[in-house]
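Just below is one structure, and these are the notes that go with it.
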Amino acid sequence: MTHNKWLIVSLVVSLAVNFALAGFFIGRASNLDLHRTLMDPTLGFSRVLRQLPDERRAELRPLIRRHFRGMRPSLGGIRKAQSELNQALTADPFDAPRLADALEQFREHLADNQTASHDSLVALVAALKPGERRLLVESMRRGMFDHRDHRQAPPRRPPPAAPPGLEEPR
1168 MTHNKWLIVS
1178 LVVSLAVNFA
1188 LAGFFIGRAS
1198 NLDLHRTLMD
1208 PTLGFSRVLR
1218 QLPDERRAEL
1228 RPLIRRHFRG
1238 MRPSLGGIRK
1248 AQSELNQALT
1258 ADPFDAPRLA
1268 DALEQFREHL
1278 ADNQTASHDS
1288 LVALVAALKP
1298 GERRLLVESM
1308 RRGMFDHRDH
1318 RQAPPRRPPP
1328 AAPPGLEEPR
C-alpha cells in the first residue's frame, strides 16, 4: 500500500511540474503582454540602482544593506515554516490538522515578510529623488520577465506613459 501511495504522489507531482513547464513555455512563446500588469517593486528597485551613477549608489548603499539585514530574520522564519510544511506533507500517517497549522504558520511568515519588505521599501524610496522614483515606476512596469540590461540595450518598445502626477515637468 505504501508503494502505491508514493507512486500516486509521484504522478501528481510529475503532472504538476509538466503543466507548470508547459504553461511557462506557452506563455513565453505567446506574444501576450500579461506579465506587464504585475508591478514588482523589488525587481524595479534593483534595476534603478543599476542605472544610477556609482556615487549615488554609494549614497544609497547603507539603506540597502539595512534593508537586507532586516530581511534575514524574516527569511529564516519562512524557511523554518517551509520545513515544517514539508514535514507535515510527508508525515506518515498523514495529519490534516498539522498540515493546516503548518500552512497557517507559513502564510503568517509570508505576510510578516511582506510587511517588513514594504516598510523597508518605503524607507528606500523616501531616499530617492523625483527622477529616480519615476525610473522606479518605469522599471516596475517592465515586468518580472524583462531581464535585459537597460543601460546598454535599447528598449524594444517605448515605455508606457507615467500615471497622473508622475509626468515629467515641462
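For the sequence shown, the positions run 1168 to 1337 when the numbering used here is used.
Just so it is clear, CB atoms sit at the ideal spot from N, CA and C, and this is done for glycine as well.
Note that the structure is predicted; figures quoted are calculated from it, not measured.
Return yes when the Cβ of residue j is within less than 8 Å of the Cβ of residue i, no when it is not.
i     : j     : result
N1280 : L1242 : yes
L1277 : L1266 : no
L1219 : E1299 : yes
A1269 : E1251 : yes
L1216 : A1294 : no
Straight-line CA distance for residue i to residue j?
i     : j     : result
R1246 : G1194 : 29 Å
R1239 : R1232 : 11 Å
H1285 : H1170 : 46 Å
L1288 : F1235 : 11 Å
R1308 : E1275 : 28 Å
R1225 : R1301 : A small fix is needed here, since residue 1225 is Ala in this sequence, not Arg. About 20 Å.
H1174 : G1190 : At residue 1174 the sequence reads Leu, which differs from the His that was named. If I take the Cα positions, the gap works out to 24 Å.
V1176 : P1229 : 47 Å
S1181 : R1214 : 35 Å
L1178 : L1303 : 43 Å
A1183 : K1296 : 45 Å
D1259 : E1222 : 57 Å
E1188 : A1196 : Going by the sequence as given, residue 1188 is Leu instead of Glu. Going from the Cα of L1188 to the Cα of A1196 covers about 12 Å.
F1261 : K1172 : 12 Å
Assuming residue i and residue j make a contact with CB atoms under 8 Å, what is their CB distance in whole Å?
i     : j     : result
F1192 : L1291 : The pair is not a contact, with the Cβ atoms about 35 Å apart (cut-off 8 Å).
Q1249 : F1273 : 6 Å
A1283 : G1237 : 6 Å
State yes or no: is the beta carbon of residue i nearer than 8 Å to at least one beta carbon in chain D?
i     : result
A1183 : In summary, chain D is missing from the structure at hand, where a single protein chain is found.
Under the criterion of a Cβ to heavy atom distance below 7 Å, does residue i qualify as lining the ligand MN?
i     : result
D1279 : Ligands in the displayed structure: none, and consequently the ligand MN is not present.
Those runs of the alpha helix (DSSP H) which lie wholly inside the region 1223-1308 and span at least 4 residues: Counting only runs of at least 4 residues, the region 1223-1308 fully encloses the following alpha helix (DSSP H) elements, listed from N- to C-terminal order: 1263-1293 and 1297-1308.
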